[in-house]
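A.B. asks: Sending over a structure as structure tokens; questions will come in a sec.
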Amino acid sequence: MRGRRHLGRLRRRGSGCRARLGRPAAAAAAAMMRFMLLFSRQGKLRLQKWYLATSDKDKKKVVRELMQVVLARKPKMCSFLEWRDLKVVYKRYASLYFCCAIEGQDNELITLELIHRYVELLDKYFGSVCELDIIFNFEKAYFILDEFLMGGEVQDTSKKSVLKAIEQADLLQEEDESPRSVLEEMGLA
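When we follow my numbering, the leftmost residue of the sequence shown carries the number -14, and every step to the right adds one.
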């Protein structure tokens, strides 16, 4: 009897519980990203994805400021920092910094896991990903990110399904690029 009362009390408190911004409680656990940046130790921007409309002038200013702040930090320092009205979560892999800005109430650890999952996806696709892979195949890096995140929120956490979608897109692209004869174009071959 005692346990039932306790569960009932929890149910009443949790029932109808809507998270911030009208999102369901499960969605509130995932971080809403404002933007993601990839840049090198030398301060060269390699990839940027913005999930809120921002002017080019503001983007350049944000990128410049954030790169200076992150690159000035020592390796043993925490990977989370408060910057303006946002939380910045970053992680260094080899010579690249993966940097995300999230809303103040979002979970930093989940964002760190999202960064790691993106790096795992890049590793699976490119073999062992390096900065040159991002430079010369930036469209694939963006495509992987778009399959993984949409609108700043996680679209799919499964590595297998994300990589499967990318492989299918690669096959379609190869099919479009393969030369066809005039008869094949007309459907006569």
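For glycine and all other residues, C-beta sits at the position ideal for the given N, C-alpha and C. Computed from a predicted structure; not experimentally measured.
Can you tell me which residues form a DSSP beta bridge with residue 74?
C.D. replies: The partner list for residue 74 (beta bridge, DSSP) reads 65 and 85.
A.B. asks: Are at least three pairs of beta-carbons, each pair with one atom in the segment 78 to 92 and one in the segment 111 to 119, less than 8 angstroms apart?
C.D. replies: Counting Cβ pairs under 8 angstroms, three or more are found: they touch.
A.B. asks: Using three-state DSSP, classify residue 6 as helix, strand or coil.
C.D. replies: For residue 6, the pLDDT reaches just 42, beneath the cut-off of 50, and the residue's location in the model is therefore unreliable, leaving the point undetermined.
A.B. asks: Under DSSP, the alpha helix (DSSP H) around residue 32 begins and ends at which residues?
C.D. replies: Looking at the DSSP string, residue 32 is not in any alpha helix (DSSP H); the run it does join, the beta strand (DSSP E), is 30 to 35.
A.B. asks: Once DSSP output is grouped into helix, strand and coil, what is the label at residue 44?
C.D. replies: In this structure, residue 44 counts as helix in the three-state DSSP scheme.
A.B. asks: Where do the N-terminal and C-terminal ends of the alpha helix (DSSP H) with residue 102 fall, by residue?
C.D. replies: Element bounds for residue 102: 93 to 111.
A.B. asks: According to DSSP, is residue -3 part of a helix, a strand, or is it coil?
C.D. replies: Annotation note: pLDDT 36 at residue -3 (below 50); position unreliable, coordinate value reported separately. Looking at residue -3 - three-state DSSP - the assignment turns out to be helix.
A.B. asks: What would DSSP say about residue 26, mapped onto helix, strand or coil?
C.D. replies: Here residue 26 sits in coil by DSSP.
A.B. asks: How about residue 137 and residue 62: do their beta carbons lie closer than 7 angstroms?
C.D. replies: No, these two residues do not count as a Cβ contact at 7 angstroms.
A.B. asks: Applying the criterion that 16 or more other CB atoms from any shown protein chain within 10 Å of the CB defines a buried residue, is residue 94 buried or exposed?
C.D. replies: Exposed: under 16 other Cβ atoms inside 10 Å.
A.B. asks: Please classify residue 160: is it buried, with 16 or more other beta-carbons within 10 angstroms of its beta-carbon, or exposed?
C.D. replies: The residue in question, residue 160, is exposed, as its Cβ has fewer than 16 Cβ neighbours within 10 Å.
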